[in-house]
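Visitor: So the mapping is simple: my numbering equals the position in the sequence shown, first residue as 1, plus 232. Backbone N, C-alpha and C fix where the C-beta goes; we use that ideal spot for every residue, glycine too.
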Amino acid sequence: FHVLPLDEHDGVYRLKLQSKTKEADFGEIVVGLDEKGLRFMQLHDQFEQVTDIVFSDINTNKKLAKEIFEFIPPEGVDVFGG
Numbered sequence: 233f234h235v236l237p238l239d240e241h242d243g244v245y246r247l248k249l250q251s252k253t254k255e256a257d258f259g260e261i262v263v264g265l266d267e268k269g270l271r272f273m274q275l276h277d278q279f280e281q282v283t284d285i286v287f288s289d290i291n292t293n294k295k296l297a298k299e300i301f302e303f304i305p306p307e308g309v310d311v312f313g314g
């Protein structure tokens with residue numbers, strides 16, 4: 233991505249990330265950053281659809297139990313792949 237500064241409003245700095253190739257799933261991504269980190273992302277895809285993601289109540293470096301990442305398929309389900 234090419235990174236271009238956009239603006240700053242209420243302590244949130246916006247950056248535009250433009251894809252270097254036309255084949256990318258997202259041609260443009262706008263991110264908002266402040267002193268705490270990532271606040272939002274706006275994804276512009278190749279079909280001209282826009283997805284807005286807003287981050288709030290972010291906890292960093294939090295310890296997570298390994299058990300929450302265990303997947304046990306329900307009975308009767310076939311799992312393909314590794």
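#1: What first and last residue would you give for the beta strand (DSSP E) that runs through Leu247?
#2: The beta strand (DSSP E) with Thr283 in it runs from where to where?
#3: Taking Cβ to Cβ, would you say Phe233 is nearer than 8 Å to Ser251?
#4: Let me confirm a value: Phe311 is counted as buried when at least 16 other C-beta atoms fall within 10 Å, else exposed. Which label applies?
#5: Counting along the chain, where does the beta strand (DSSP E) carrying Leu270 start and finish?
#6: Find the nearest neighbour of Val263 within the set Lys254, Asp257, His241 and Gln274, judged by alpha-carbon distance.
#7: List the endpoints of the continuous beta strand (DSSP E) containing Leu265.
Guide: Put simply:
#1: Val244 to Gln250
#2: Val282 to Val286
#3: The Cβ-Cβ distance between Phe233 and Ser251 falls below 8 Å.
#4: The identity of residue 311 in the sequence shown is Val, whereas the question assumes Phe. With fewer than 16 Cβ atoms within 10 Å of its Cβ, Val311 is classed as exposed.
#5: Gly269 to Asp277
#6: Gln274
#7: Phe258 to Asp266
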